[in-house]
Amino acid sequence: MLNEFITRSCPCCNKPLKLSDRLALLNREPLNCKYCAKPLKPNVNITLFNVFWLSMSISWLIKNTTSLNYLYALAAALFTVSVFLPALDLLFTLEPDESG
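Under the working numbering, think of the first position of the sequence shown as 23, with each following residue one higher.
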């Protein structure tokens with residue numbers, strides 16, 4: 023069960039990519055499938071959803087526990103999300119990168 027949680031398949035060739043294969047996403051480096059060599063990126067819809075719920079949750083927490091107004095709390099939350107988002111991207115599905 024844990025192996026299924028940390029393994030994702032390539033959307034092009036359907037071969038398994040382990041967590042260690044996807045660690046390049048932490049540094050926001052390009053990720054290529056080691057089997058078919060096609061460029062991959064995190065799923066955009068899931069990334070946007072993660073940015074939304076994480077930034078709203080953190081900004082709400084900052085607003086309620088500090089004296090910052092909501093705009094500063096949101097700015098601090100977006101900064102925090104930009105640091106933690108690559109770690110979340112490791113856990114979700116990938117899609118082909120058509121930009122290059």
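Just so it is clear, CB atoms sit at the ideal spot from N, CA and C, and this is done for glycine as well.
Exercise for the section: Mark Ala95 as exposed unless 16 or more other C-beta atoms lie within 10 angstroms of its C-beta, in which case mark it buried. Expected result: Sequence index remark: in the sequence shown, residue 95 carries index 73 (1-based). Ala95 sits buried, since 16 or more C-beta atoms from the chains shown fall within 10 Å of its C-beta.
Problem - CA nearest to the CA of Asn25, picked from Leu41, Cys35, Pro33 - result: Looking up residue 25 in the sequence shown gives position 3. Answer by Cα proximity: Leu41.
Handout entry: Test item: CB-CB of Ser9 and Leu100 under 7 Å
Key = For residue 9 there is no data in the structure shown, the boundaries of the chain being 23 and 122.
Practice task
Return the chain-ordered list of same chain residues with a C-beta closer than 6 Å to the C-beta of Leu44, the five sequence neighbours on each side being excluded.
Solution key: The count along the sequence shown starts at 1 and reaches residue 44 at position 22. Sequence inspection shows Arg at residue 44; the Leu mentioned does not correspond to that position. By the criterion of a C-beta distance shorter than 6 Å, Arg44 is surrounded in its chain by Leu112, once the five residues flanking it on both sides are discounted.
Exercise for the section: Drop a sphere of 10 angstroms on the beta-carbon of Pro131, count the other beta-carbons inside from all chains shown, and report buried for 16 or more, exposed for fewer. Expected result: Nothing about residue 131 can be read from this structure; the chain reaches only from 23 to 122.
Practice task
Would you mind listing the alpha helix (DSSP H) stretches within the region 24-103 that are 4+ residues and don't spill past its ends, in chain order?
Solution key: Entirely contained in the region 24-103, the alpha helix (DSSP H) runs reaching 4 residues are, in chain order, 24-28, 66-87.
Problem - Terminal residues of the beta strand (DSSP E) in which Leu116 lies - result: Translated into positions along the sequence shown, residue 116 becomes position 94. First-last of the beta strand (DSSP E) with Leu116: 116-118.
Practice task
Please work out which residues of its chain come closer than 8 Å, Cβ to Cβ, to Glu117, disregarding the five sequence neighbours upstream and downstream, and give them in chain order.
Solution key: Mapped onto the sequence shown, residue 117 falls at position 95. Result list for Glu117: Pro33, Leu62, Lys63, Pro64, Asn65, Val66, in chain order.
Exercise for the section: Measuring alpha carbon to alpha carbon, tell me which of Leu110, Leu39, Ala59 ends up nearest Phe74. Expected result: Here residue 74 refers to the residue found at position 52 when the sequence shown is read from its first residue. Checking every option, the nearest Cα to that of Phe74 belongs to Leu110.
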